[in-house]
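Enquirer:
Right, dumping it as structure tokens:
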């Protein structure tokens, strides 16, 4: 492959991940994110279309994903070797506590 050939392929190959993401976003992420935003807005009495509510929803999703994506960090920090049933329950309790506190806080203040 010559330099000119690789340069001509670059725009096409770099656009494929973007196109794939947009498809996943439209079919999976956006509906889920929108649904969660509406649930959180209903719980807190806020407007689901408010940008801040969308950001709060995203932050809550991020907290949950942190345990999935940062699994190795948690294992190393806690000294655990795996997420067994007991440890998973402890994580669920912790995340639930955080979500409850956040939702209570959002309910008590106006965005």
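Numbering (the working numbering), first residue to last: 3 to 113. Using N, Cα and C, we set each Cβ at its ideal position, and we do this for glycine too. Keep in mind the model is a prediction, meaning the values are calculated, not measured.
1. Just to confirm, are residue 109 and residue 59 a CB contact at a threshold of 8 Å?
2. So which of 102, 107, 34 and 91 has the shortest CA-CA distance to residue 56?
3. Locate the alpha helix (DSSP H) running through residue 107, then write down its first and last residues.
4. Does DSSP classify residue 64 as helix, strand or coil?
5. Following the continuous alpha helix (DSSP H) through residue 28, name the residue where it begins and the one where it ends.
6. Would you check if the segment 93–109 and the segment 60–71 touch, i.e. whether three or more CB-CB distances between them fall below 8 Å?
7. Whole angstroms are fine: how far does the CA of residue 83 sit from the CA of residue 70?
8. Applying the criterion that 16 or more other CB atoms from any shown protein chain within 10 Å of the CB defines a buried residue, is residue 39 buried or exposed?
9. Taking C-beta to C-beta, are residue 76 and residue 97 nearer than 8 Å?
Expert: With the structure as the only source:
1. no
2. 34
3. 87–110
4. helix
5. Per DSSP, residue 28 belongs to no alpha helix (DSSP H) and is neither H nor E.
6. Yes, the segment 60–71 is in contact with the segment 93–109.
7. 15 Å
8. buried
9. no
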